[in-house]
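J.: Chains as they are written, first to last, in this note's numbering: chain A, 456 to 579; chain B, 456 to 579. Glycine residues also receive a C-beta, built at the ideal position from the N, C-alpha and C atoms. Note that this is a predicted model, so its numbers are computed, not measured.
There are 2 protein chains.
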Amino acid sequence: MDRGLTVGEAAAKVGLSAHTLRWYEQEGLVEPVGRDGAGRRRYESGDVDWLMLLTRLRTTGMSVRDMRRYAELARRGPHTVTERRRLFEEHKARVLERIADLHRDLEAINVKIEIYRRMEHEQQ
Amino acid sequence: MDRGLTVGEAAAKVGLSAHTLRWYEQEGLVEPVGRDGAGRRRYESGDVDWLMLLTRLRTTGMSVRDMRRYAELARRGPHTVTERRRLFEEHKARVLERIADLHRDLEAINVKIEIYRRMEHEQQ
DNA sequence: TCTTGACTTCGAGCGCACTCGAAGGGGAAG
DNA sequence: CTTCCCCTTCGAGTGCGCTCGAAGTCAAGA
Numbered sequence: 456m457d458r459g460l461t462v463g464e465a466a467a468k469v470g471l472s473a474h475t476l477r478w479y480e481q482e483g484l485v486e487p488v489g490r491d492g493a494g495r496r497r498y499e500s501g502d503v504d505w506l507m508l509l510t511r512l513r514t515t516g517m518s519v520r521d522m523r524r525y526a527e528l529a530r531r532g533p534h535t536v537t538e539r540r541r542l543f544e545e546h547k548a549r550v551l552e553r554i555a556d557l558h559r560d561l562e563a564i565n566v567k568i569e570i571y572r573r574m575e576h577e578q579q
Numbered sequence: 456m457d458r459g460l461t462v463g464e465a466a467a468k469v470g471l472s473a474h475t476l477r478w479y480e481q482e483g484l485v486e487p488v489g490r491d492g493a494g495r496r497r498y499e500s501g502d503v504d505w506l507m508l509l510t511r512l513r514t515t516g517m518s519v520r521d522m523r524r525y526a527e528l529a530r531r532g533p534h535t536v537t538e539r540r541r542l543f544e545e546h547k548a549r550v551l552e553r554i555a556d557l558h559r560d561l562e563a564i565n566v567k568i569e570i571y572r573r574m575e576h577e578q579q
C-alpha cells in the first residue's frame with residue numbers, strides 16, 4: 456500500500472465524485488496526480504489541499520474556465536504570484552458584490568412574505 | 456397604439472431578452488399575456504411587476520422548476536397564499552445559508568491573498 | 001484459484017437555462 | 001407602395017459542468 460488516497464477516497468474527502476476528480480485533471484484544473492505501480496491515482500495531502508481550494512472557488516461562483524487560468528498560473532511558477540493575487544482579489548470583489556445583490560433581493564422577498572402574512576390575516 | 460409594452464420594451468425594462476420572455480410564458484412562469492389586435496404581446500404593469508419578482512427569485516438562485524411551482528400556486532387563487540408564503544420562507548432560508556457559505560469561503564480566499572502578499576514581499 | 005470491487009481510459013449523454021434562426025405577418029414612416 | 005423593423009411560432013442549437021457507461025486491468029481476501 457503506497458501513501459496517499461485513491462481517487463474514491465479523495466473524492467469522498469473533498470465532496471466531489473471520482474468521475475469529477477478525473478475530469479478536473481483532464482481539464483487542467485489539477486496537475487496530473489502521482490500514480491502507484493498499477494497506474495492508479497494517489498492523492499497526497501497537497502493534492503487534496505489544492506482540490507479543497509478549487510471547491511471553494513467553485514462554490515463562490517468561479518467558472519471552470521477561470522479556475523483553469525488560475526491553475527495554469529500556478530503551474531508556471533512563483534513569478535506568477537502577483538497575477539494570482541490579483542485574480543483572487545477580483546474574484547473576492549465579485550463575491551462581495553454577489554452577496555450585496557443577494558441581500559438586496561432578499562429585501563423584496565421579505566416584503567412579499569409580509570404581504571402574504573397580511574393576506575392570511577385578513578382571510579380569517 | 457394599445458396600452459402596455461411590447462415584448463421588446465418589457466424585456467429591456469426587466470433586463471431579460473425578448474426570447475426569454477416568450478420562453479418564460481411557454482414554460483408557464485408567466486400567464487399568457489394579453490395581445491393587441493395583431494396578436495402581439497402587451498405587457499401591462501402587473502405583468503412587468505410579476506417579471507421583476509421572477510428575476511429576483513432567479514438571481515437568488517431559485518430554479519425555473521420552483522418558479523413554475525410558485526406560478527401555479529399563484530394561478531390557483533388566494534387560498535394558496537399560505538403555501539406561497541412558506542415557499543418564500545424556505546427560499547429565504549436557503550439564500551441566507553448561501554450568503555453564510557459565501558462568507559465562509561471568502562475567509563479562505565482572504566487567507567490565500569495574504570499568503571500571496573507575503574510571497575510577493577519576500578521576492579523583493 | 002476465483003471472486004470482488006475499485007481502479008483505468010474514452011467517448012457519449014444529460015439537465016439546465018437560455019439563445020438563435022428560419023419563415024412569415026403586420027403597421028407606421030417616407 | 002415600399003421599406004423597415006419589430007413582432008409571431010416553432011424547433012434546433014449552445015455552453016456549462018458534470019455524469020454515466022462500456023470495456024478492460026489489477027490486487028487483495030476467501
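#1: For residue 539 of chain A, which option in B/570, B/523, B/553 has the closest C-alpha, if you only look at C-alpha atoms?
#2: Jot down the residue ranges of each uninterrupted beta strand (DSSP E) in the segment 495-562 of chain B, minimum 3 residues, whole runs only, in chain order.
#3: Strictly below 9 angstroms CB to CB, what residues from chain A border residue 556 of chain B?
#4: Output the boundary residues of the alpha helix (DSSP H) element that contains residue 464 of chain A.
#5: Which residues of the segment 541-553 of chain A have a Cβ closer than 8 angstroms to any Cβ of chain B? Give them in chain order.
#6: Can the beta-carbon of residue 465 of chain A be found less than 7 angstroms from the beta-carbon of residue 519 of chain A?
#7: Within a Cβ cutoff of 8 angstroms, which residues of the same chain sit near residue 456 of chain B, ignoring the five residues on either side of it in sequence?
#8: Please name the residues in the segment 556-577 of chain B whose beta-carbon is closer than 8 angstroms to at least one beta-carbon of chain A, in chain order.
#9: Against residue 533 of chain B, what residues of chain A qualify as contacts under a CB-to-CB distance less than 9 angstroms, listed in chain order?
#10: Give the straight-line distance between the Cα atoms of residue 495 of chain A and residue 552 of chain A, rounded to the nearest whole angstrom.
#11: Grouping DSSP H, G and I as helix and E and B as strand, with all else coil, what is residue 490 of chain B?
#12: I want to see whether chain A comes within less than 7 angstroms of residue 456 of chain B, judged by CB atoms only; does it?
#13: Should the segment 474-483 of chain B be regarded as contacting the segment 550-567 of chain A, the criterion being three or more beta carbon pairs within less than 8 angstroms?
#14: Exposed or buried, which one is residue 560 of chain B when buried takes at least 16 other CB atoms within 10 Å?
#15: Give the secondary structure of residue 476 of chain A by DSSP, where H, G and I count as helix, E and B as strand, and everything else as coil.
#16: Cβ of residue 503 of chain B less than 7 angstroms from any chain A Cβ?
T.: So, to answer that:
#1: Minimum Cα distance to residue 539 of chain A is reached at B/570.
#2: Within the segment 495-562 of chain B, there are no complete beta strand (DSSP E) runs of at least 3 residues.
#3: The contacting residues are 514, 515.
#4: In the DSSP assignment, residue 464 of chain A falls within the alpha helix (DSSP H) that extends over 462-469.
#5: The residues in question are 543, 544, 546, 547, 550, 551, 553.
#6: Residue 519 of chain A sits away from residue 465 of chain A, with the two beta carbons spaced by 7 angstroms or more.
#7: Because residue 456 of chain B sits at a pLDDT of 46, beneath the cut-off of 50, its placement in the model cannot be relied upon, and the following sentence gives the value as read from the coordinates. The beta carbon of residue 456 of chain B lies closer than 8 angstroms to none in the same chain, with the five residues before and after it left out.
#8: Taking 8 angstroms as the Cβ-Cβ cut-off, the segment 556-577 of chain B approaches chain A at 556, 557, 558, 560, 561, 563, 564, 565, 567, 568, 571, 572, 574, 575, given in chain order.
#9: Near residue 533 of chain B (Cβ distances below 9 angstroms), the residues of chain A are 574, 578.
#10: Using only the alpha carbons, I get a separation of about 42 angstroms.
#11: DSSP, read as helix, strand or coil, puts residue 490 of chain B in strand.
#12: The predicted position of residue 456 of chain B is uncertain, since its pLDDT is 46 and thus under 50; a value taken from the coordinates is nonetheless stated next. Residue-level contact check: residue 456 of chain B does not touch chain A, since none of the beta carbons of chain A fall below 7 angstroms from its beta carbon.
#13: Under the 8 angstroms Cβ criterion, the segment 474-483 of chain B does not count as touching the segment 550-567 of chain A, having fewer than three qualifying pairs.
#14: So residue 560 of chain B counts as buried.
#15: Helix.
#16: Not a single C-beta of chain A is nearer than 7 angstroms to the C-beta of residue 503 of chain B.
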